[in-house]
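See structure below.
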Amino acid sequence: MATQGDNSASKECKGSSEANATTENTDNAILQAINGLKTEFSSKLDGLLSAVNSVKSELTRCQKRISETEERISNGEDDVVELN
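In UniProt numbering, the protein residues as written are 1 to 84.
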């Protein structure tokens, strides 16, 4: 025959297993949220990296054009000095 002590031990065991199940569900939800954020940030960072590379490429082309322009101006100034 079950005593009151046996019933409370049974309730504690049942409560403990329910708490473990709740903890596991919470842990799984947290891990799923982290994985979702990881995927979202990864795609956003890929887009950002692509934009940075595009700007870098444009700056390199602009720098090349400026160097060519400076060289033409310098050559023009040299020609003007020779004419004087």
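Backbone N, C-alpha and C define an ideal beta-carbon position, used for all residues, glycine too. Note that the structure is a prediction, hence the values are computed from the model and not measured.
Straight-line CA distance for Ser74 to Ser50?
-> Along the sequence shown, one-based indexing puts residue 74 at 74. Along the sequence shown, one-based indexing puts residue 50 at 50. Taking C-alpha positions only, Ser74 is separated from Ser50 by approximately 36 angstroms.
CA-CA distance, Glu70 and Val80?
-> Position 70 of the sequence shown, counting from 1, holds the residue named residue 70. Position 80 of the sequence shown, counting from 1, holds the residue named residue 80. One C-alpha to the other measures close to 15 angstroms.
What number of angstroms, rounded off, separates the C-alpha of Asn28 from the C-alpha of Asn35?
-> In the sequence shown, the residue the question calls residue 28 occupies position 28. In the sequence shown, the residue the question calls residue 35 occupies position 35. Answer to the nearest angstrom: the Cα atoms are 10 angstroms apart.
Nearest-angstrom Cα distance between Asn53 and Gly47?
-> For the purposes of this step, residue 53 is taken as residue 53 along the sequence shown, with counting starting at 1. For the purposes of this step, residue 47 is taken as residue 47 along the sequence shown, with counting starting at 1. Asn53 and Gly47 have their C-alpha atoms roughly 10 angstroms apart.
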